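A.B. asks: Sharing a structure, written as structure tokens. Questions coming.
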Amino acid sequence: MINKFVDKLNADGLATYINTLQGITVKLGAQNVAEIQSDENNIDSDNLLVTIVRIEEESTLKNFPNKRLIEDAGVFKVDKRFPKIHLNYYLLFSCTLQYDKAVAVIYKTIKYFQNQRKFAFTADEDDIELNMELCSPSFEQLNNIWGMLGGKQIPSILYKARVSALERDIAKPTPVITTIGSESKHYE
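Heads up: take any position in the sequence shown, counting from 1, add 36, and you land on our numbering.
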């Protein structure tokens, strides 16, 4: 899913918008920023990296009913499915350029997402809609994030991407209960 999102960002012109800065050319890629310091990395020094640092379920949208009444050739049935899953992806956008250029790239990234917050694309046969929201972690949280990612902090910005509901498309229609039958049996 993250690769499709990065493809969508490229198609919508994030890298083109950032490359309007004089003397800066970046490539947008979905990679683990923790691999920057490893000897076996294949990360160029002029990238804007997108890294998933956390995935969580949106608990406030968890309690919606999972039953729908459907009509099939005049017969009503109940379609019971598992509840939809609403996910939040925490995406870290980090730049591997020299510090002054990296700060300018992060600034342009913030301006880009200020203007365009919704992204719709298809991944794994699902229609996905992401709503981007800027996150401001505390110094302690930021320290924990970069400690988890290898310790070396580079200019970055954290966004929360709210994902539209994900649902497996498996219908399980069952007949509707229309009458209640009662037979009185007395057991002694």
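Yeah, the Cβ is synthetic: ideal placement off N, Cα and C, and Gly gets one too. All figures in this text were calculated on a predicted structure; none of them were measured in a lab.
Rounded to whole angstroms, what's the CA-CA distance from LEU57 to GLN177? Just pull it up for me.
C.D. replies: The sequence position of residue 57 within the sequence shown is 21, counting from 1. The sequence position of residue 177 within the sequence shown is 141, counting from 1. If you take the alpha carbons of LEU57 and GLN177, they lie about 31 Å apart.
A.B. asks: Can ASN83 be considered in contact with the ligand ATP, in the sense that its beta carbon sits closer than 7 Å to one or more heavy atoms?
C.D. replies: Judged by which ligands are present, the structure shown has none, so any question about the ligand ATP falls away.
A.B. asks: Apart from the five residues on each side of it in sequence, which residues of its chain come closer than 6 Å, Cβ to Cβ, to ALA140?
C.D. replies: As a position in the sequence shown, residue 140 is number 104, starting the count at 1. Closer than 6 Å at the Cβ level, and outside the excluded window around ALA140, lie LEU57.
A.B. asks: Which class does MET184 belong to by DSSP, given the choice of helix, strand or coil?
C.D. replies: Working through the sequence shown from its first residue, we reach residue 184 at position 148. Helix at MET184.
A.B. asks: Which residues bound the alpha helix (DSSP H) around ASP162?
C.D. replies: Indexing the sequence shown from 1 puts residue 162 at position 126. Careful: ASP162 lies outside any alpha helix (DSSP H), inside the beta strand (DSSP E) at 162 to 171.
A.B. asks: Can you list the beta strand (DSSP E) stretches of 3 or more residues lying completely in the region 77 to 144, in chain order?
C.D. replies: Counting only runs of 3 or more, we get 83 to 93, 103 to 108, 111 to 116 and 123 to 131.
A.B. asks: Rounded to the nearest angstrom, how far is the Cβ of VAL199 from that of TYR125, given a contact under 8 Å?
C.D. replies: In the sequence shown, counting from the first residue as 1, residue 199 sits at position 163. In the sequence shown, counting from the first residue as 1, residue 125 sits at position 89. About 7 Å; that satisfies the 8 Å criterion.
A.B. asks: Count the other CB atoms within 10 Å of the CB of ALA156; is the residue buried (16 or more) or exposed (fewer)?
C.D. replies: What you label residue 156 is simply residue 120 of the sequence shown in a count that begins at 1. Classification of ALA156: exposed, given that the 10 Å Cβ count is below 16.
A.B. asks: Using DSSP with H/G/I as helix, E/B as strand and the rest coil, what is LEU57?
C.D. replies: Counting from 1 along the sequence shown, the entry for residue 57 is found at position 21. Three-state result, LEU57: coil.
A.B. asks: Cβ of LEU127 within 8 Å of Cβ of VAL86?
C.D. replies: Mapped onto the sequence shown, residue 127 falls at position 91. Mapped onto the sequence shown, residue 86 falls at position 50. Their beta carbons are under 8 Å apart, which means LEU127 touches VAL86 by this criterion.
A.B. asks: Name the one or two DSSP bridge partners that PHE157 has.
C.D. replies: In the sequence shown, counting from the first residue as 1, residue 157 sits at position 121. DSSP lists ILE164 as partners of PHE157.
A.B. asks: DSSP state of ILE216, grouped into three classes?
C.D. replies: Taking the first residue of the sequence shown as 1, we reach residue 216 at position 180. Reduced to three states, the DSSP call for ILE216 is coil.
A.B. asks: Using 10 angstroms around the beta-carbon of ASN83, count the other beta-carbons present and answer buried if the total reaches 16, otherwise exposed.
C.D. replies: By one-based count along the sequence shown, residue 83 stands at place 47. It counts as buried.
A.B. asks: Exposed or buried, what is VAL42 when buried is set at 16 or more other beta-carbons lying within 10 Å of its beta-carbon?
C.D. replies: Taking the first residue of the sequence shown as 1, we reach residue 42 at position 6. With 16 or more other Cβ atoms within 10 Å, it is buried.
A.B. asks: In this structure, does DSSP put VAL199 in helix, strand or coil?
C.D. replies: Taking the first residue of the sequence shown as 1, we reach residue 199 at position 163. VAL199 falls in the strand class under three-state DSSP.
A.B. asks: Cα separation between LYS63 and ILE142?
C.D. replies: For the purposes of this step, residue 63 is identified with residue 27 of the sequence shown, where counting begins at 1. For the purposes of this step, residue 142 is identified with residue 106 of the sequence shown, where counting begins at 1. Roughly 13 Å separates the two Cα atoms.
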